[in-house]
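Single-structure report; data block below.
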Amino acid sequence: MQRKFKANTSLRASQVGGVTAAAKIMNFTKQAMEARIMNALKDDDEDLMVAIQESMFVFDNLVMSDDKSLQTLLRSVDTEDLVLALKGADEPLRDKLFSCMSSRAAANLQDEMEALGPVRLTEVQEAQKRIINVARRMSDEGSIVLAGRGGDDFV
């Protein structure tokens, strides 16, 4: 790709896709390659690296993950963060996460969400980011598999 861009001056002058396109490409790279690219990018432009990383995995993408990975993740996140994060989640994601819990735990979580009342959107987004950061760390360690992350195929 680098040779193509160097050879084609009109292609260099146009914007190819931005942060969103870079995040989509990074979602399908293997973990080792992703780490190398992100480290190199961090050295050049840390703000750009953070923007790409935040666009790569959003809380709503968890709906595509397998139940076992979600169960492992749910055991590792703070309950207060989960309550806040689920306040802003759409119905399919909530249903998926509740299905990965015991019925008693799901009922308790729903009660806490109702008791919490209205919350600021920024608080919800912060809680979702904290959960995604835990998910990324666990994925890098190999304890969970995040859907859409690329990497190894399973059969």
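Its first residue numbered 1311, the sequence shown is counted upward by one per residue in the numbering used here. Note that beta-carbon positions come from the ideal geometry of N, C-alpha and C, so glycine has one too. As the structure is a prediction and not an experimental result, all values here were calculated from the model.
> What did DSSP end up calling residue 1391 once you bin it into helix, strand or coil?
Replying inline: helix
> Within 10 angstroms of its Cβ, does residue 1350 collect 16 or more other Cβ (buried), or is it exposed?
Replying inline: exposed
> Around the C-beta of residue 1368, are 16 or more other C-beta atoms found within 10 angstroms, so that it is buried, or is it exposed?
Replying inline: exposed
> So what does DSSP say about residue 1411, is it helix, strand or coil?
Replying inline: coil
> Where residue 1334 and residue 1366 are concerned, what is the direct C-alpha to C-alpha distance, given to the nearest angstrom?
Replying inline: When rounded, the distance between both Cα atoms is 7 Å.
> Does the stretch 1403-1418 come close enough to the stretch 1439-1451 to have 3 or more Cβ pairs within less than 8 Å?
Replying inline: no
> residue 1454 by DSSP, collapsed to three states: which one?
Replying inline: coil
>> Using the three-state DSSP reduction, which class does residue 1425 fall into: helix, strand or coil?
In response: helix
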